[in-house]
Each structure stands twice: as structure tokens, then as C-alpha cells.
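Let me begin by presenting the structure, written as C-alpha cells, before commenting on it.
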Amino acid sequence: MKYFDLNGKKVSRLGFGCMRLPVLDKDNSKIDKEKASELILAAIDKGLNYIDTAYNYHGKMSEKFVGEFLEEHNLRDKVNLTTKNPVWLAESKEDFYKLLEEQLANLRTDHLDFYLLHSLSKDSFHKAVDLGVLDFAEDIKKRGLVKNIGFSFHDEYEVFEEIIKVYPWDFCQIQLNYLDIDYQAGIKGYELAKRMGIPMVIMEPLKGGRLSNPPEEIASMVDSFEGYSPSQMAIKFPLSLDNVMTVLSGMNEMGQVEENTDMADKVEANKLSQEEKDFYKKARDIYKSKEQIACTACEYCMPCTVDINIPRVFALWNNGFLYDEEEKSKEAYKTYLEKGVDPQSCIECGKCEGICPQSLEIIEGLKEADQYLR
């Protein structure tokens, strides 16, 4: 296992994400503790020392499981323990403290090695700042309750730039994989954090497992890299970036632990071959060619005059072709229609097309998407 040096602290470049642990009876709140423990122990045995969870994972049971696991195996002092404050639940500054107190109890510890403000967007960040979250962050760090303060992010690059510059963060976390280099913070956000000297944690390196089962054209290209699987080629991309402290993986099978720890033991930062760089570019081009509409989910079209969630509809349409998920997309569309506004309600006002940065034919696109998904 290779490690990132964070002010003298050795942090494994592969982290165990506890959002997708194996479960019993297909119930997300019933963690298969025996199997999950076996997987995490195997990863730790191979050198992994970064454990990531959050307040809301597995129906609020992930933190409790991690706390029990670390106590049972006497591993608390051997790992870097990470969780996240669900800032959207706070209605006062005191709520941040109450949540942290509950999380420390869940995790059976008196301090956290890494602590993030969870899933920040423009609106949630501004609300949290108004409630005093930055003073809270400063206070808990001074008191030793938390050693490193960061944030995880889900919004556009401009919001990322605002957030990362407002406070002296110790680290931050974004979604990044070889396909999503222009999604949310993206590579541009990675480069900004690197210039500012703020290490990154990467989530969704396999895009929720989708990059483990790529289209046949991409799978055949992977075959030219002897001994590598599609999953390994995917996780190699963020591991090759020198300002990435840790790449998180939600491993729920022993084979995934073995594959991912093998890559985390091999990959050197800034050492991608030209052939590997060409692979990532060609793979992106193949995925791009399968898109039905080039929506970037920038949400400039929102709010729609009649409240259709245009980016959501287009994402489901694209996913059906990009990842061979026609049935999954159609089921998700049914769920959307139960609560969201039907695209057939479009009044063709043209407001969305007038402000779309990609100049997309949104009105016609909604008709085609609805015809495919319905």
C-alpha cells in the first residue's frame, strides 16, 4: 500500500468507503456485519488505514457499525477515522455540536482524524455559514475533537471555488473518475486545490460501479493492458494524481478488496504511460458518442416554467444508453413521474433553450426522452 504524507501522518491512498457495505435481506439498514468486518479486516491487513463513513449511510447504521467494529478488533488507534456532519439537518449552531456529539458516541471515540461538512452545495453551504459552521469547525479543531477539517462537494465548479477559498481547509472531497473530468468540481477543481496546497479525497472513482462494466468497445481496449480489469483501469486514474490523498471505494466483495489494494500498491503518482492516457481519452470519447443529448446538468434551465426537472429527465435518458441501463432508467423515470412534473406538461415557452449554455434543443429532447423512458 502506498501512502500520502499529510504533515507527517501516513494516510493510505486507498480508503474504505462505508456507504455500500454488504447487507442482509436487501435492507440497506441491515448491514451484514460478519461479511463487512471480513472485508475491512482484509483491507487493513493489506495496509489500508483510512475508514470513511457518514451520519446518514445505511439508514444511520454505518457509523454505529464502524464504531463497534473498531472497538471489537481494537483498531481505533490504527486507522484514520473519517465521518461527515450532515449540515442540512442543522437549524442552529448548536445543532452542529449535537450532531458531532452523537457521531462520536456512534463511533465510540473521543476524536475524529478527519471530519467533513457533508455534501456541500451553494445553498447548503450558505445556510451553514449563516448558522456559524465555520466558527464551529474552528472550535472543534482547537479542542482536539477533530484533527482535520474538510468538506465534500456536490455542485458546479464556481461554487467549489467559492467554498475552497473561504476557509483554510485541511482537505476536501470531490467526485472524480476518468469519465467525469468536467463534472461538478472536476479536474479544474482538482488543479485549484493542488495550487492551494489542499489535498483531495476522491469519491466515485468507478462511478457507482458503472465503470467496472463498460461497453464492449472499452472492455476490449482494457484487454490490451495485461492483467488489468476495467475496475483497476478506472481506479488507476485518480490514484495517478499526486495531490490525491485517498481514493475511496465502497468494496462489498473480497475480489474488489484484492483488486483495489493491488492497484493502490502499484500506482505511482504522475506515472501514467501515453498508452494509458490515450485509453482514458478514447474511453471518454466512446461514452460521449453514446449520449443522446449533451446536457451537463448545469441547471441554467432551472427552474422550468412548469417545474419539469429537465436535467433529471436527460440524465435518465443518457444513462439508458451510456451504461446499458434501459430498464433501470425506465424504472427510475416511473419514480420521477410519481413526484415530479411530467415532460408532457411542457408548454414549449422556449425559456430553457434561450439560456442553455450548450444551445441544446431541449423542447424536442424532452419529447424524445419521454418517448424512450415511458
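For the sequence shown, my numbering gives the first residue as 228, with consecutive numbering after it.
The beta-carbon is built from N, C-alpha and C at its ideal position, and this holds for glycine as well.
Our two residues, Y282 and C576, have alpha carbons roughly 42 Å apart in a direct line. Selection N470, K349 and L347 evaluated against G424 yields N470 as nearest (Cα-Cα). Put simply, the backbone Cα of C522 is about 7 Å away from that of F541. With respect to P465, L406 sits apart: the two C-beta atoms are not nearer than 7 Å. Under the three-state reduction of DSSP output, D407 falls in the coil class, being neither helix nor strand. Its Cα nearest to that of E290, the residue P313 stands out among K305, P313, G416 and D272.
Cβ contact annotation for S351 (same chain, cutoff 8 Å, sequence separation greater than five): V314 and W315, in chain order.
The Cβ neighbour count for G242, taken over all protein chains shown within 10 Å, is at least 16; the residue is labelled buried. I258 sits buried, since 16 or more C-beta atoms from the chains shown fall within 10 Å of its C-beta. The DSSP assignment places 384-391 and 413-423 as complete runs of the alpha helix (DSSP H) inside the stretch 368-437, in order along the chain (cut-off: 4 residues).
Its Cα nearest to that of L275, the residue S239 stands out among E580, M481 and S239. When the alpha-carbon of Q411 is set against those of Y384, I462, Q330 and D322, the nearest one is in Y384. Three or more Cβ pairs drawn from the stretch 341-350 and the stretch 373-393 lie within less than 8 Å of each other, which places the two stretches in contact. Partner residues in the beta bridge of S476, as assigned by DSSP, are F243. Residue state for V306 is assigned as coil, using DSSP reduced to three classes. For D450, there is no enclosing beta strand (DSSP E), as DSSP marks it with neither H nor E. Boundaries of the beta strand (DSSP E) around H345: L339 to L347. For L268, the enclosing alpha helix (DSSP H) has its first and last residue at K260 to D272. L251 and M288 have their alpha carbons spaced roughly 13 Å apart.
Inter-segment contact for the stretch 505-515 and the stretch 432-447 is present: three or more beta-carbon pairs are separated by less than 8 Å.
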